[in-house]
Amino acid sequence: MRRIIEGPPEAGDAPRPLGKRLLWFVALWFGGLIAVAAVAYGLRALIL
0 MRRIIEGPPE AGDAPRPLGK RLLWFVALWF GGLIAVAAVA YGLRALIL
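What follows is the structure, encoded as structure tokens:
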């Protein structure tokens, strides 16, 4: 079975490609943006 959670990289391992790391960063940023917007609009709907 494939491990789902990976540990930290070993000392001699090469870092992951920059594009893949940036893609994860953008995906997490966009997900946070959508979550905050959804909560904000939900609260606004409750108030008005």
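Residue numbers for the sequence shown follow numbering that gives the first Met the number 0, beginning at 0 and rising by one.
Beta carbons: idealized from backbone N, C-alpha and C, even for Gly.
Measure the C-alpha to C-alpha separation of residue i and residue j and round it to an integer number of angstroms.
i     : j     : result
Ala26 : Leu47 : 32 Å
Ala34 : Asp12 : 35 Å
Glu5  : Arg15 : 13 Å
Phe29 : Ile3  : 23 Å
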